[in-house]
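S.K.:
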Amino acid sequence: RNKRLPKVEDKHLLSYLTNGPLKDRQAAQVVSVALTDDFMKMLNLSHDLINNFIPHVLSKINRVSYGLLSKVDLKFALESDPNISLTRRLASIPFVGKDVPSRASQFSHPDIVIGLTILAYRYEGLRFTDFTTLIAELREKLDGELGPWHKRSSALRYASWVEEAGGKVRGPREGDNFNGSNNDHEEMAKVFSTGGDRRSDDIWPLHLLDLKDDHHMFVTYSLLKNIPVAIQYYLHNIVFPLTMEQNMEKINASGQDLGGEMLFGRRVGFSGTPSDLLPEELGQCQYEECVDGQILNYLTSEDIMSSRILGQDWSVAKLLDAIATNEPSFHCLIDSGALITGMSNYEVAKYLLSHGLSKQFDGVVFLDNKDRKMILLRHGMHVVRLNQAGVPTHKRFSFYDQIHTTGMDIHQCIDARAVLTLGKDMTFRDYAQGAFRMRGIGQGQTLELFIIPEVMQLIDDQILRCSPQLSTNVQNTPTLSPQVSQGYGNNLLPLPSSSAYSSGSTNVAQSSVRLLTNVSAWLTINGMKSENMQFRMLCQQSVNNVIRKQTFGILKIAYKELTQLAFAGRVKEIALITAAAANQRAGDIAQDLESVFDGSRSLFADDIEEIHTVVQASSVGRGETQVIVGIQKIQKCLDVLSERIDSTIHNNIPLPRPLSEMIRNEVERNREFLKDDYGRAVVDKILMILVNSESRSSSTIRQSANIENAEADEDHELEKEQVAEEEVLQEQEEEEEEEEEEEEEEEQEEVVKEIAKKEKVFQRWRESNSMACI
Numbered sequence: 001r002n003k004r005l006p007k008v009e010d011k012h013l014l015s016y017l018t019n020g021p022l023k024d025r026q027a028a029q030v031v032s033v034a035l036t037d038d039f040m041k042m043l044n045l046s047h048d049l050i051n052n053f054i055p056h057v058l059s060k061i062n063r064v065s066y067g068l069l070s071k072v073d074l075k076f077a078l079e080s081d082p083n084i085s086l087t088r089r090l091a092s093i094p095f096v097g098k099d100v101p102s103r104a105s106q107f108s109h110p111d112i113v114i115g116l117t118i119l120a121y122r123y124e125g126l127r128f129t130d131f132t133t134l135i136a137e138l139r140e141k142l143d144g145e146l147g148p149w150h151k152r153s154s155a156l157r158y159a160s161w162v163e164e165a166g167g168k169v170r171g172p173r174e175g176d177n178f179n180g181s182n183n184d185h186e187e188m189a190k191v192f193s194t195g196g197d198r199r200s201d202d203i204w205p206l207h208l209l210d211l212k213d214d215h216h217m218f219v220t221y222s223l224l225k226n227i228p229v230a231i232q233y234y235l236h237n238i239v240f241p242l243t244m245e246q247n248m249e250k251i252n253a254s255g256q257d258l259g260g261e262m263l264f265g266r267r268v269g270f271s272g273t274p275s276d277l278l279p280e281e282l283g284q285c286q287y288e289e290c291v292d293g294q295i296l297n298y299l300t301s302e303d304i305m306s307s308r309i310l311g312q313d314w315s316v317a318k319l320l321d322a323i324a325t326n327e328p329s330f331h332c333l334i335d336s337g338a339l340i341t342g343m344s345n346y347e348v349a350k351y352l353l354s355h356g357l358s359k360q361f362d363g364v365v366f367l368d369n370k371d372r373k374m375i376l377l378r379h380g381m382h383v384v385r386l387n388q389a390g391v392p393t394h395k396r397f398s399f400y401d402q403i404h405t406t407g408m409d410i411h412q413c414i415d416a417r418a419v420l421t422l423g424k425d426m427t428f429r430d431y432a433q434g435a436f437r438m439r440g441i442g443q444g445q446t447l448e449l450f451i452i453p454e455v456m457q458l459i460d461d462q463i464l465r466c467s468p469q470l471s472t473n474v475q476n477t478p479t480l481s482p483q484v485s486q487g488y489g490n491n492l493l494p495l496p497s498s499s500a501y502s503s504g505s506t507n508v509a510q511s512s513v514r515l516l517t518n519v520s521a522w523l524t525i526n527g528m529k530s531e532n533m534q535f536r537m538l539c540q541q542s543v544n545n546v547i548r549k550q551t552f553g554i555l556k557i558a559y560k561e562l563t564q565l566a567f568a569g570r571v572k573e574i575a576l577i578t579a580a581a582a583n584q585r586a587g588d589i590a591q592d593l594e595s596v597f598d599g600s601r602s603l604f605a606d607d608i609e610e611i612h613t614v615v616q617a618s619s620v621g622r623g624e625t626q627v628i629v630g631i632q633k634i635q636k637c638l639d640v641l642s643e644r645i646d647s648t649i650h651n652n653i654p655l656p657r658p659l660s661e662m663i664r665n666e667v668e669r670n671r672e673f674l675k676d677d678y679g680r681a682v683v684d685k686i687l688m689i690l691v692n693s694e695s696r697s698s699s700t701i702r703q704s705a706n707i708e709n710a711e712a713d714e715d716h717e718l719e720k721e722q723v724a725e726e727e728v729l730q731e732q733e734e735e736e737e738e739e740e741e742e743e744e745e746e747e748q749e750e751v752v753k754e755i756a757k758k759e760k761v762f763q764r765w766r767e768s769n770s771m772a773c774i
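Taken in order, the sequence shown gives residues 1 to 774; the numbers are from UniProt numbering.
1) Hey, residue 775 and Leu206: beta-carbon distance below 7 Å or not?
2) Look at the Cβ atom of Ser642, then the Cβ atom of Glu694, and state whether they are nearer than 7 Å.
3) Leaving out five residues before and five after Arg4 in sequence, what residues of the same chain have Cβ atoms less than 8 Å from its Cβ?
4) Sort Ser301, Arg644, Pro654 and Gln564 by Cα distance to Gly630 and report the nearest one.
5) By the DSSP assignment, the beta strand (DSSP E) with Met40 in it spans what residues?
6) Determine the DSSP secondary structure at Gln388, reduced to helix, strand or coil.
7) Under a three-way DSSP split, which group does Asp202 fall into?
8) Is Leu370 buried or exposed, if buried means 16 or more other CB atoms sit within 10 Å of its CB?
9) Going by alpha carbons, who is nearest to Thr393 out of His411, Phe399, Ile403 and Gly380?
10) From which residue to which residue does the beta strand (DSSP E) around Met305 run?
11) Cutting at 8 Å between CB atoms, please list the residues of its own chain near Thr341, excluding the five before and the five after it.
12) Spatial neighbours of Trp522 within its chain, please: CB distance less than 8 Å, with the 5 preceding and 5 following residues excluded, ordered by chain position.
13) In angstroms with no decimal places, state the Cα-to-Cα distance between Asp303 and Gly527.
14) May I have a chain-ordered list of the beta strand (DSSP E) segments no shorter than 3 residues that lie completely inside the region 355-426?
15) Can you give me the Cβ contacts of Leu263 inside the same chain, cut-off strictly under 8 Å, excluding the 5 residues immediately before and after it?
16) Exposed or buried, which one is Val620 when buried takes at least 16 other CB atoms within 10 Å?
17) Measure the C-alpha to C-alpha separation of Leu13 and Ala165 and round it to an integer number of angstroms.
18) For Val546, which option in Asn670, His109, Lys168 and Val519 has the closest C-alpha, if you only look at C-alpha atoms?
19) Return yes when the Cβ of Phe95 is within less than 7 Å of the Cβ of Gly67, no when it is not.
20) Taking only runs of the alpha helix (DSSP H) that begin and end inside the region 69-143, which ones reach a length of at least 4 residues, in chain order?
21) Output the distance between the C-alpha atoms of Ser336 and Ser32, rounded to the nearest integer angstrom.
22) Check whether the region 375-383 and the region 408-424 are in contact - that is, three or more C-beta pairs closer than 8 Å.
23) By DSSP, does Phe330 sit in helix, in strand, or in coil?
24) Look at the alpha carbon of Trp314 and the alpha carbon of Phe450, and state the distance between them as a whole number of angstroms.
25) Going by DSSP, which residues form a beta bridge with Glu249?
26) My output table needs one value for Gly434: the three-state DSSP class, helix, strand or coil.
27) Is there contact between the region 650-668 and the region 680-699, where contact requires at least three CB pairs shorter than 8 Å?
28) Once you ignore the five residues that flank Thr220 on each side, which residues in its own chain have a CB closer than 7 Å to its CB?
29) Please name the residue in Arg644, Asn651 and Phe673 whose C-alpha comes closest to that of Lys253.
30) Ile309 and Met426 - do their beta-carbons sit closer together than 7 Å?
31) Leu156: buried (16+ other C-beta within 10 angstroms of its C-beta) or exposed?
32) Going by alpha carbons, who is nearest to Glu9 out of Asn237, Ala34, Phe399 and Arg548?
33) Please determine, among Met305, Asn544, Pro274 and Leu353, the residue with the shortest C-alpha to C-alpha distance to Ile663.
34) Using 7 Å as the threshold, is the C-beta distance between Ala389 and Cys332 below it?
35) Inspect the beta-carbon positions of Lys154 and Leu138 and report whether they are closer than 7 Å.
36) Within 10 Å of its beta-carbon, does Lys225 have 16 or more other beta-carbons around it, so buried, or fewer, so exposed?
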């Protein structure tokens, strides 16, 4: 409203923001007519933030799906790439697993970068390097301001941060007169260095804070690193201005460039992932028969699996305490759900040993940052290589963090019992991979599944959507005895109870085939959702790959034409440099060629040789026959191999477009690169599969929409009936009120008549009395 928003009812604006243009067409029509282009863009951006970006950002787990580079992570990153970008240094980046950042990936969408960066700093706080940069920025601004030190705006801002953190900035006492000169600076430093009767928790003022004094900086950093206003200032004034780069296009590539025929004629590989979501040129997946059924049978068997639902007050520390002190003892913790956050693997091992882990274990095995198997020994608390420790399998506890629950083996004793955690983003494959870290499943080794209440709620909600009757059966599953539930899951005794599980109990609540089946069903549905997104992306990449192969082949032939055009004005200059180098009259040809670029770029040896060959061949007319393609077509090929970044916001009502339509339009724009029958056949096949998938999906959505509409119509009819009944009741009440009013009026009239009669009688009585007196 402060931006002079046209007069539109708030209910229409709120409905458009929350429901969107498809669910409330009346609101969409109202805002599209009343609002200008700028206001429509603001409204569409707000709708996207509320319904898409913010839910997506909040659904991610810090240090599991995203996070900041820690000091150790940054050290490893600089070792592999000294020219690491500012975005990776300062902003949030993708993580491939718990505490494992991606080596090169970055988030591309600016709104996602902003949201995840804010959350990462809010969860993790400022790093020490961030705090040093922040204080240096404040000090620089402080030096450029006027007035007494403690009254300058930067000093006041710093003091407000300290006060919000619960501290107090040391300042001049009443009567002290410091005007901000160098002499006053030295005098104040002497005063504060003596300490006097000042409080021990007072913080040095900003202008006296020594950036090179570790004690000063550490005390102030410990106080301010998690203060929201300090983080906000750092993000808005330092991080976002440096990292919010605006690029109009980027180089586009995918795994199909490696797995397809574009770069390599022959490819040999192996994957243990059973999935048909493969590039067209890799063919189909060859499955091993009966394996999936055997895995599902194991993971739903009470002889192998048991379960425990944690209480509402669960935490990482309480979870580790329950595992360490459990009887009978667990031998392994497999954290597939990434519940153990905020602690390194070494810290987890140390916590277990110091918080009641059974004395039968001489150490805890964990994986370090270099994927090496290490063991923290109870005696002396020393960390050594597992293969050098000599600790037998039955005397060691193993911890698999989330990133190592796939592809890592640590030998366990034959009767080992393991804890397996469940996370909200897991699929059935993640579940199976984590469970089968225990290689002896079905041969003596067992697992207990730990489920947090939030995940249990997701499972119940999904089962309710799939089958209300099945959900009813789940809700009526009896609660199990705590004493019996801590066993291996056999001979469980049901107790009469209508509750599925107790919110305050950390014992087994539903350790039955039904619960294990529901867990597997929920994980399978999660996998279906993930594979649906992968399928859509695969279709788009497969179609693009057909076109990209053709354009890449053209560029392999026509790059010389582009090189000749780039150096067309300097052919003679390069020829003289080449001749001088041949006669040894000049220095290094690389330095001379770099001078052609005015020192703006450095050249590799292969580049120099190729430029020399191409330009020399064009200048003297020698060389192999060159096919002239044309600069315009070369530019089209480059456009295909790159991706334009479009961050424009719609100034009208955005309508969803199916992916098949977008791919078909892309194919039509690049029809000139589809010349062979094989490429056209591949494109038609993929489009046909995608269209069939979208039609089935739309029919399902339409059915659910029809049901919702029918329910809405029923509700509307009920509302109409209710309104009609209320109107009838109101009419009846009005009639009754009218009748009561008429009765009251009649009674009043009768009362008036009675009074008039009594007055006449009284008057006659007085007259008769007066006559008698006469």
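For each residue, glycine too, the CB sits at the ideal point set by N, CA and C.
M.R.: Reading it off the structure:
1) This structure does not reach residue 775, given that the chain is present from 1 up to 774, and the question cannot be answered.
2) no
3) none
4) Gln564
5) That residue, Met40, is in no beta strand (DSSP E); its alpha helix (DSSP H) goes Asp37 to Asp48.
6) When DSSP states are grouped into helix, strand and coil, Gln388 belongs to the helix group.
7) strand
8) Before going on, a small fix: residue 370 reads as Lys here, not Leu. Label assigned to Lys370: exposed.
9) Among His411, Phe399, Ile403 and Gly380, the Cα nearest to that of Thr393 is on His411.
10) Met305 to Ile309
11) Scanning its chain for C-beta atoms nearer than 8 Å, with the 5 sequence neighbours on each side dropped, one finds around Thr341 the residues Ile61, Asn62, Arg63, Val64, Lys98 and Val316, in chain order.
12) Leu458, Ile459, Gln462 and Ile463
13) Annotation: Asp303 to Gly527 spans about 26 Å, alpha carbon to alpha carbon.
14) 363-367, 373-377, 383-385, 396-400 and 417-421
15) Asp257
16) The pLDDT assigned to Val620 is 44, lower than 50, so where the model puts this residue is not dependable, and the model offers no usable value.
17) 39 Å
18) Asn670
19) yes
20) Correct list: 71-80, 86-90, 110-124 and 128-143.
21) 48 Å
22) The region 375-383 makes no contact with the region 408-424: fewer than 3 CB pairs, one atom from each, lie closer than 8 Å.
23) DSSP places Phe330 in coil when its eight states are reduced to three.
24) 11 Å
25) Arg644
26) helix
27) Output reads yes: the region 680-699 touches the region 650-668.
28) Ile203 and Leu209
29) It is worth fixing the name first, because residue 253 is Ala in this sequence and not Lys. The option with the nearest alpha carbon to Ala253 is Arg644.
30) no
31) Per the 10 Å Cβ criterion, exposed.
32) Ala34
33) Asn544
34) no
35) According to the sequence as given, residue 154 is Ser; it is not Lys. Yes.
36) buried
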